[in-house]
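So the protein sequences, as listed, match chains P and F.
Using the working numbering, the first residue of the first sequence is number 25, and each one after it goes up by one.
Using the working numbering, the first residue of the second sequence is number 134, and each one after it goes up by one.
From the three backbone atoms N, C-alpha and C, an ideal C-beta is built for every residue, glycine too.
Shown next, in structure tokens, is the structure this report addresses.
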Amino acid sequence: MMLKGRAFKFGDSISTDHIIPGRYAHLRSNLPELAKHVLEDADPVFASRVKKGDFVVAGNNFGLGSSREHAPLVMKMAGVSAVLAKSVARIFFRNAINLGLPILICDTDKINDGDELEIDLASGAIKDITNGNRLTAGKIPQAMLRILDEGGLIPYIKKHGDFKL
Amino acid sequence: MGKTIAEKLLSLKSSTDARAGNIVIASVDLVFVQDTTGPLTVRQFQASGFQKLANPGRTVLFIDHAAPSPSSALANDHLLLRDFARQTGAILSEAGEGVCHQLVAEKYARPGDVIVGADSHTVTAGGLGAFATGMGSSDVAVAMGLGKTWFRVPETIRVDVSGRFQKGVFAKDLILHLIGQIGADGASYKALEFSGAGISRMPVTERLTIANMAVEAGAKVGLFPSDEKTKAYLAAQSREPDWQPIAADADAAYEKTLKINLSQLVPTVSQPHTVDYTAAVTDLKGTKVQQVVIGTCTNGRLEDLKTAAGILKGKTVAPGVRLVVGPASRSILLQAMKAGYIQALVEAGAIILPPGCGPCLGLHQGVLGDAESCLSTANRNFQGRMGNPKSFVFLASTATAAATALSGEITDPREVL
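This is how it looks when you write it as structure tokens:
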């Protein structure tokens, strides 16, 4: 599958508290409202600027902290089609895949804020149309690819009824 | 080749010869959610088409994060959890019973268990020798329905602990020091396994503090052996039959071994806005704070309240400082009342919260104002963590917190002990 969109650049150590702060816990059963605050504490205008298909491009240890799955969930609802980062925290990685939100591990220093990107999910090839750079993302573990290929864990379990990894 | 604790427990629970790097499907002995992750878990459980829980008697729904509720929306989330418990037979832990991780240690976790919880600090039960890890709502929903989950068997970093703490230095200082050394992603995807003479002497209550923060170094689990100290802790909870010995094999393969001599540690503080941004308390002397929090799943145990009461008894919290104390469970609160700790803390000016997560995650019960600073015994200090992105959170031991409450600025507890 080919993805195309703009890069929204973030730094290192973007925690799930940056993505959806605890102070909005009362909105967790009201996801459209919660999505209006996505990444608010890292970039107050992100939620109003992000468009369907765009990418979150970050540094090291993206998504550290809480297990709240609402973090990748509202990113997806806001239109984010994939996360590109140098590294991603364990629980966030698994949550994103479980929701069908692809994660691409690559050297994000070569991508600038606002660049147009084109990504071939099957091969992990990333093309920065704006500056001409080409990157290749690290391989996602096979077990996770099987879940991602079904669109996430819930569709996977509905189809297979069990883990067949 | 022998096995690490992680490899041993996952071998047992997957009926395979589990080695670091393998993907295994393991049976799950305990699964739980809390009130900010539980509603989504319930929805994912229902969306998966599950009709019933694999093991209702080992499925627990904790109302602790927003307990009692500060808003109608969160109160409605609590109703959803209560309904789900009624329909499925899951155990409901009501508002006021305490923080999930403390109650898991007191009532449910057994050495050797595989435990998954929809909360990152599920790692706390590693202090009892359980393979306990936090996951998101979808994973936990599937574990609730199938009674199993998949894991990549983690590589293990061994932390070999020797020596004895000097006066004024505690388990919290050990884990803050370790995270400062290896960084917030220093153990990403790995197991941390603690062993050595310094651990053999350490009571489970302190091991829980260390295991609790393993996730702040990115670890999947923070594992301790199950030994005589574990047996004593379980016996104190009237659960001695739940004990079994667990230790790594002598020839287990570790990714690396880190050595910590407890006698060389000093009171340590994490500075805003990352847990791994640590400093010796002496380097931060004089930093003014407006709030001090003692409690949470990290340091809300009876020993913490005893330490705090010992420092604050007969004295008064500094003017302009709010001291907020949250016992981690109802049982701890009752014991602290009997022992006179609560009396001493209230007389010193403390505000006592109901057992629960309190102000840790910025929902209620001590949200900070703009430019305010708080020193807390909790486990996270990310920007906005305590409800205001314009505020600052420092993390430290209970003794450092109590000493700081007395002076109104970050204070070395060795000055008051």
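Residue burial classification, residue i (beta-carbon count within 10 angstroms, cutoff 16)
{"i": "Met25 (chain P)", "result": "exposed"}
{"i": "Arg219 (chain F)", "result": "exposed"}
{"i": "Arg297 (chain F)", "result": "exposed"}
{"i": "Leu141 (chain P)", "result": "buried"}
{"i": "Pro358 (chain F)", "result": "buried"}
{"i": "Pro460 (chain F)", "result": "buried"}
{"i": "Lys163 (chain P)", "result": "exposed"}
{"i": "Thr160 (chain P)", "result": "exposed"}
{"i": "Ser462 (chain F)", "result": "buried"}
{"i": "Pro492 (chain F)", "result": "buried"}
{"i": "Gln314 (chain F)", "result": "exposed"}
Neighbour flag for residue i against chain F, beta carbons, 8 Å
{"i": "Arg47 (chain P)", "result": "yes"}
{"i": "Phe86 (chain P)", "result": "no"}
{"i": "Pro165 (chain P)", "result": "yes"}
{"i": "Asn157 (chain P)", "result": "no"}
{"i": "Asp65 (chain P)", "result": "yes"}
{"i": "Ile150 (chain P)", "result": "no"}
{"i": "Lys182 (chain P)", "result": "yes"}
{"i": "Gly124 (chain P)", "result": "no"}
Proximity winner among the options, relative to residue i (alpha-carbon distances)
{"i": "Glu373 (chain F)", "options": "F:Thr449, F:Ala228 and F:Glu239", "result": "F:Glu239"}
{"i": "Val80 (chain P)", "options": "P:Tyr48, P:Leu125, P:Asp186 and P:Ala167", "result": "P:Leu125"}
{"i": "Ala265 (chain F)", "options": "F:Arg547, F:Ser271 and F:Thr282", "result": "F:Thr282"}
{"i": "Thr537 (chain F)", "options": "F:Ala317, F:Ser506 and F:Val256", "result": "F:Ser506"}
{"i": "Gly176 (chain P)", "options": "P:Gly46, P:Arg73 and P:Lys100", "result": "P:Lys100"}
{"i": "Val399 (chain F)", "options": "F:Ser359, F:Val237 and F:Thr544", "result": "F:Thr544"}
{"i": "Val104 (chain P)", "options": "P:Gly89, P:Leu123, P:Ser53 and P:Asp173", "result": "P:Leu123"}
{"i": "Ala208 (chain F)", "options": "P:Ala49, P:Asp131, P:His94 and P:Ser147", "result": "P:Ala49"}
{"i": "Asp293 (chain F)", "options": "F:Leu356, F:Gly171 and F:Val454", "result": "F:Leu356"}
{"i": "Met519 (chain F)", "options": "F:Thr429, F:Met335 and F:Arg215", "result": "F:Thr429"}
{"i": "Cys130 (chain P)", "options": "P:Leu145, P:Ser111 and P:Asn119", "result": "P:Ser111"}
{"i": "Gly262 (chain F)", "options": "F:Lys439, F:Ser464, F:Arg334 and F:Ile138", "result": "F:Ile138"}
{"i": "Asp67 (chain P)", "options": "P:Arg47, P:Ser53, P:Asn85 and P:Lys33", "result": "P:Lys33"}
{"i": "Thr440 (chain F)", "options": "F:Ala535, F:Ser464 and F:Pro487", "result": "F:Ala535"}
{"i": "Lys471 (chain F)", "options": "F:Ala442, F:Ala381 and F:Ala153", "result": "F:Ala442"}
Beta-carbon gap between residue i and residue j smaller than 8 Å
{"i": "Leu128 (chain P)", "j": "Leu108 (chain P)", "result": "yes"}
{"i": "Val402 (chain F)", "j": "Ala412 (chain F)", "result": "yes"}
{"i": "Leu456 (chain F)", "j": "Ala483 (chain F)", "result": "yes"}
{"i": "Ser91 (chain P)", "j": "Ser226 (chain F)", "result": "no"}
{"i": "Val247 (chain F)", "j": "Ala159 (chain F)", "result": "yes"}
{"i": "Thr342 (chain F)", "j": "Lys389 (chain F)", "result": "no"}
{"i": "Thr431 (chain F)", "j": "Asn345 (chain F)", "result": "yes"}
{"i": "Gly301 (chain F)", "j": "Arg547 (chain F)", "result": "yes"}
{"i": "Asp528 (chain F)", "j": "Leu309 (chain F)", "result": "According to the sequence shown, residue 528 (chain F) is Leu rather than Asp. Yes; because the gap between Cβ atoms is below 8 Å, this pair is in contact."}
{"i": "Asp41 (chain P)", "j": "Gln299 (chain F)", "result": "no"}
{"i": "Pro189 (chain F)", "j": "Gly222 (chain F)", "result": "yes"}
{"i": "Pro244 (chain F)", "j": "Ile379 (chain F)", "result": "yes"}
{"i": "Met168 (chain P)", "j": "Ile115 (chain P)", "result": "no"}
{"i": "Gly433 (chain F)", "j": "Ile465 (chain F)", "result": "yes"}
8 Å Cβ cutoff, residue i in contact with chain P
{"i": "His170 (chain F)", "result": "Correcting the residue identity first, residue 170 (chain F) is Thr in this sequence and not His. Judged by the 8 Å Cβ criterion, Thr170 (chain F) is in contact with chain P."}
{"i": "Leu309 (chain F)", "result": "no"}
{"i": "Asp318 (chain F)", "result": "yes"}
{"i": "Leu212 (chain F)", "result": "no"}
{"i": "Ala180 (chain F)", "result": "yes"}
{"i": "Gly489 (chain F)", "result": "no"}
{"i": "Met277 (chain F)", "result": "no"}
Item to check | Length at least 4, wholly inside the region 449-493 of chain F: the alpha helix (DSSP H) runs in chain order | outcome: Counting whole runs of 4 or more residues, the region 449-493 of chain F contains the alpha helix (DSSP H) stretches 463-471 and 474-480.
Item to check | beta strand (DSSP E) runs contained entirely in the region 124-181 of chain P, provided each spans 3 or more residues | outcome: Counting whole runs of 3 or more residues, the region 124-181 of chain P contains the beta strand (DSSP E) stretches 127-129, 140-144, 149-152 and 158-160.
Checklist entry - What runs of the alpha helix (DSSP H), each 4 residues or longer, lie entirely inside the region 143-192 of chain F? => result Segments of the alpha helix (DSSP H) lying fully in the region 143-192 of chain F: 171-180.
Checklist entry - What runs of the alpha helix (DSSP H), each 4 residues or longer, lie entirely inside the region 333-383 of chain F? => result DSSP runs (the alpha helix (DSSP H)) wholly in the region 333-383 of chain F: 337-345 and 361-369.
Item to check | Inside the region 288-317 of chain F only - alpha helix (DSSP H) runs reaching at least 4 residues | outcome: Listed in chain order, the alpha helix (DSSP H) elements of length 4 or more contained wholly in the region 288-317 of chain F are 304-315.
Checklist entry - Which ranges would you report for the beta strand (DSSP E) in the region 41-101 of chain P if only whole runs of at least 3 residues count? => result Fully enclosed beta strand (DSSP E) runs of 3 or longer: 79-82.
Next on the checklist: What ranges does the alpha helix (DSSP H) occupy inside the region 215-244 of chain F, keeping only unbroken runs of at least 4 residues that lie completely in it?
Outcome noted: Residue ranges of uninterrupted alpha helix (DSSP H) with 4 or more members, entirely inside the region 215-244 of chain F and ordered along the chain, are 233-236.
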